[in-house]
Amino acid sequence: MAVSRRRIWGWMAFDWASQPMYTLGLTFVFGPYFASVATAYFMTGGLDRAAAGAEAQGLWSMGQAVAGLLIAVTAPFLGAFADNSGRKMPWIAGFSVLFVVLTAMLWNLTPDGAWIYMALIFFYLAFFCAESALNFVNAILPSLGNRHEIGRISGSGAAFGYWGGVASLFIMLLLFVEDPDTGVTLIGLAPALGLDPAQMEGTRSVGPFIAIWFAIFMVPFFMYVRDDPSLGGQSTKISAVWAELKDTLRGVVRRKSLLNFLLGSMFYRDALNALYAFGGVYAAIVLDWTTINIGIFGIVAAFAAAIFTWIGGLADARYGPKPVIIVCVWLLIGVSIVIVGMSRASLFGVPLATGSAMPDAIFFAAGVIIGGAGGATYAASRSLMVRHTDPDRPAEAFGLFALTGKATAFLAPASIALFTYMTGNVQLGFLPVIFLFLLGLLLLRWVNKDGDRA
Numbered sequence: 062m063a064v065s066r067r068r069i070w071g072w073m074a075f076d077w078a079s080q081p082m083y084t085l086g087l088t089f090v091f092g093p094y095f096a097s098v099a100t101a102y103f104m105t106g107g108l109d110r111a112a113a114g115a116e117a118q119g120l121w122s123m124g125q126a127v128a129g130l131l132i133a134v135t136a137p138f139l140g141a142f143a144d145n146s147g148r149k150m151p152w153i154a155g156f157s158v159l160f161v162v163l164t165a166m167l168w169n170l171t172p173d174g175a176w177i178y179m180a181l182i183f184f185y186l187a188f189f190c191a192e193s194a195l196n197f198v199n200a201i202l203p204s205l206g207n208r209h210e211i212g213r214i215s216g217s218g219a220a221f222g223y224w225g226g227v228a229s230l231f232i233m234l235l236l237f238v239e240d241p242d243t244g245v246t247l248i249g250l251a252p253a254l255g256l257d258p259a260q261m262e263g264t265r266s267v268g269p270f271i272a273i274w275f276a277i278f279m280v281p282f283f284m285y286v287r288d289d290p291s292l293g294g295q296s297t298k299i300s301a302v303w304a305e306l307k308d309t310l311r312g313v314v315r316r317k318s319l320l321n322f323l324l325g326s327m328f329y330r331d332a333l334n335a336l337y338a339f340g341g342v343y344a345a346i347v348l349d350w351t352t353i354n355i356g357i358f359g360i361v362a363a364f365a366a367a368i369f370t371w372i373g374g375l376a377d378a379r380y381g382p383k384p385v386i387i388v389c390v391w392l393l394i395g396v397s398i399v400i401v402g403m404s405r406a407s408l409f410g411v412p413l414a415t416g417s418a419m420p421d422a423i424f425f426a427a428g429v430i431i432g433g434a435g436g437a438t439y440a441a442s443r444s445l446m447v448r449h450t451d452p453d454r455p456a457e458a459f460g461l462f463a464l465t466g467k468a469t470a471f472l473a474p475a476s477i478a479l480f481t482y483m484t485g486n487v488q489l490g491f492l493p494v495i496f497l498f499l500l501g502l503l504l505l506r507w508v509n510k511d512g513d514r515a
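Numbering-wise (our numbering), the sequence shown opens with residue 62 and increments by one.
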C-alpha cells in the first residue's frame with residue numbers, strides 16, 4: 062500500500078522538532094553553559110579550576126547515566142504495551158507535553174549555580190521524555206516504505222532534523238546567546254527581547270526556546286501521522302504484556318544476527334552519545350571556549366551532520382546500512398583518539414606554541430566528523446533495525462533497540478567520570494569511548510547485512 066507523502070513528511074517533522082534538544086540542549090548551548098556554571102560553583106567551594114572542571118563533568122555524566130538507565134528499564138515494556146494496544150500516538154503526545162514543560166524550566170539555571178542540581182534533574186527528565194517519544198516515532202518507520210526505501214527515508218528524516226538543529230542554533234547565536242565578557246551576541250547585538258546579559262538570560266532562554274520550537278513544529282506530526290487501526294487489539298493487562306515481552310526476549314537469544322546487532326549497537330551508540338554529550342563540555346573545560354565559540358562549532362557540526370546523513374541515507378539505499386555504520390564508526394574512533402591526545406598546550410605530547418590556534422582548528426575538523434559520521438550512524442542503525450523487526454510488533458522491537466541503546470548508557474558516562482576522577486584529566490577521561498567503539502565494531506562481524514526480518 063502506497064504511503065502518502067504527507068505521512069512521511071509528518072513523521073520527519075519529529076526529527077526537526079526534537080533536534081534542538083540535542084543540538085542546543087545536550088551539546089552546544091545548555092550543556093556547556095551548565096559546565097561553566099557548575100565549574101564556577103565548585104570553585105567557590107575551594108576547588109581549583111582543573112578539579113572543579115572534573116567535578117562538573119562528573120556531575121553531568123551522572124545525570125546522563127541515570128536517565129539512560131531509566132530509558133533502558135521502561136522502553137521495552139512501553140513498546141510491548143503500545144503494540145498490544147495498537148496505540149502509539151497517545152504516548153507520543155503525553156511525553157511531548159512533559160517535554161515542553163520540563164525544558165521551559167531550564168530558564169532557572171542562573172550564573173550563581175543555585176539551581177544547578179534542579180537544572181540537572183529537569184534536563185535529564187526532559188531527555189527521558191524526548192528519547193521515549195522517539196522510540197514510538199521510530200516504531201512507525203517500518204510502515205513508511207519497503208526495505209529499499211527505509212534507508213533513504215531514515216537518512217532523509219535524520220538529515221532534515223539536523224537542518225532544524227542548524228536553523229535553531231543560528232537563531233540562538235545571532236539573537237540570544239551572549240558572550241559572557243562583552244554581553245553581546247555573535248553579531249554584536251544585545252540579547253533580544255530585552256534579556257539581561259549580566260544574568261546570562263540570553264543563554265538561559267535556550268530552555269524556553271527548545272520548548273516553543275518543539276510545540277510549534279510537532280503540529281505537522283500530529284496532523285498527518287495516525288495510528289494504524291488494524292494493529293493492536295490484544296490484551297493490555299500487565300501480565301499479558303509482560304508475557305509477550307518475555308517471549309520476544311527469548312526469541313532474541315535465538316536470532317544470532319539480531320542479538321549481535323543489538324549488543325554491538327549498544328556499545329557504539331553509547332560511545333557516540335558520550336561524544337555528543339561531552340563534546341561541548343570538553344571544549345568549554347579543555348579549550349576554554351565561550352558558549353558563542355561552541356555555538357559556531359555546533360553550526361559547523363550540524364551542517365556536516367545534515368549533509369553527510371543525507372548522503373549516508375543514499376549509501377544505505379545502495380549498499381545497505383551495515384557498511385555505512387562500519388565506515389562511520391572508524392571515523393569516530395579516529396576523532397576520539399585526537400580528543401584524548403589534545404589539549405590547549407600540546408598535541409600527543411608535542412608542546413604547542415602559547416596561543417596556538419591549532420587545537421581550535423583540529424577540534425573544528427573533529428566536529429565535522431562527529432556531526433557527519435554520527436548522524437549517518439544513527440540513521441543507518443535504525444534502518445538496520447527495521448531489517449530485524451517483526452512488522453506486527455515494531456514498537457516492541459524499537460523498545461528493545463532503546464533498551465540496548467540505554468542499558469549501558471551509564472557505562473560511557475560512568476567510565477568517563479571514573480577515568481576523569483582517577484586521572485584528574487578531562488582528555489584521558491575519554492579513553493573508554495574508544496574501547497566502546499571497538500567493541501561495537503567487533504560484534505558487528507556477526508550481523509547479517511540483510512537482517513533476519515521475521
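Beta carbons: idealized from backbone N, C-alpha and C, even for Gly.
Since the structure is predicted, the reported quantities are computational estimates derived from the model, not experimental observations.
- Counted as a single uninterrupted DSSP element, the alpha helix (DSSP H) harbouring tyrosine 94 occupies residues 91-104.
- A check of alpha carbon separations from isoleucine 132 across Asp513, Phe459 and Leu497 identifies Phe459 as the nearest.
- Following the DSSP letters along the chain, one finds isoleucine 248 in no alpha helix (DSSP H), marked with neither H nor E.
- Using a C-beta cut-off of 8 Å, the segment 328-336 makes contact with the segment 499-512, since at least three inter-stretch Cβ pairs fall below that distance.
- When secondary structure is reduced to three states using DSSP, proline 412 falls in the strand class.
- Shown here for leucine 336: same chain residues with a beta carbon closer than 6 Å to its own, the five before and five after excluded, namely Ile431 in chain order.
- In the structure shown, serine 407 falls within a strand segment according to DSSP collapsed to helix, strand and coil.
- A residue is called buried when at least 16 other Cβ atoms come within 10 angstroms of its Cβ; tyrosine 178 does not meet this threshold and is exposed.
- Taking C-alpha positions only, serine 404 is separated from proline 412 by approximately 10 Å.
- Across the set Thr484, Gly512 and Thr481, the C-alpha of Gly512 shows the shortest separation from the C-alpha of aspartate 451.
- Residue environment analysis places proline 203 among the buried positions, since at least 16 neighbouring C-beta atoms fall within 10 angstroms of its C-beta.
- Excluding residues up to 5 positions away in sequence, Val161, Thr164 and Ala165 lie with their Cβ nearer than 7 Å to the Cβ of alanine 272 in the same chain.
- Under the three-pair Cβ rule at 8 Å, the segment 124-140 does not count as touching the segment 209-216.
- Cβ contact annotation for arginine 213 (same chain, cutoff 6 Å, sequence separation greater than five): Gly374 and Ala378, in chain order.
- Distance from alanine 200 to aspartate 76 at the Cβ level is roughly 14 Å; contact not present, criterion being Cβ atoms closer than 8 Å.
- CA-CA distance, glycine 268 to glycine 86, rounds to 8 Å.
- Selection Thr105, Ala99 and Gly155 evaluated against alanine 276 yields Gly155 as nearest (Cα-Cα).
- In the structure shown, proline 172 falls within a coil segment according to DSSP collapsed to helix, strand and coil.
- Distance check between alanine 101 and each of Leu461, Gln260, Leu392 and Pro172 places Pro172 closest, using alpha-carbon atoms only.
- Distance from the Cα of tyrosine 223 is smallest, within the candidate group Lys149, Phe95, Ala251 and Phe364, for Phe364.
- Between the alpha carbons of glycine 174 and valine 98 lies a gap of roughly 6 Å.
- Residues of the same chain with a CB within less than 7 Å of the CB of serine 476, apart from the 5 flanking positions on each side, are Pro493 in chain order.
- The Cβ neighbour count for lysine 307, taken over all protein chains shown within 10 Å, is under 16; the residue is labelled exposed.
- For the segment 331-402, the full-length alpha helix (DSSP H) segments reaching 4 residues or more read 352-380 and 382-402 along the chain.
- In this structure, DSSP gives leucine 195 a helical state, which the three-state scheme calls helix.
- Comparing alpha-carbon positions, the option among Trp176, Tyr94, Gly490 and Gly119 lying closest to glycine 263 turns out to be Tyr94.
- Counting along the chain, methionine 73 sits inside the alpha helix (DSSP H) bounded by residues 66-81.
- A straight line joining the alpha-carbon of isoleucine 398 with that of glycine 325 spans about 20 Å.
- In the structure shown, threonine 438 falls within a helical segment according to DSSP collapsed to helix, strand and coil.
- Counting every other CB atom within 10 Å of its CB across the protein chains shown gives asparagine 169 a total below 16, marking it as exposed.
- Straight-line measurement puts the Cα of valine 286 at about 9 Å from the Cα of tryptophan 70.
- A Cβ-Cβ separation of about 7 Å places phenylalanine 231 in contact with isoleucine 360 under the 8 Å criterion.
- In the three-state scheme derived from DSSP, where H, G and I count as helix and E and B as strand, threonine 465 is classed as helix.
- Residues of the same chain with a CB within less than 6 Å of the CB of tyrosine 380, apart from the 5 flanking positions on each side, do not exist.
- Within the same chain, Ala194, Phe197 and Val198 come within 7 Å of isoleucine 153 by CB-CB distance, once the 5 residues on both sides are set aside.
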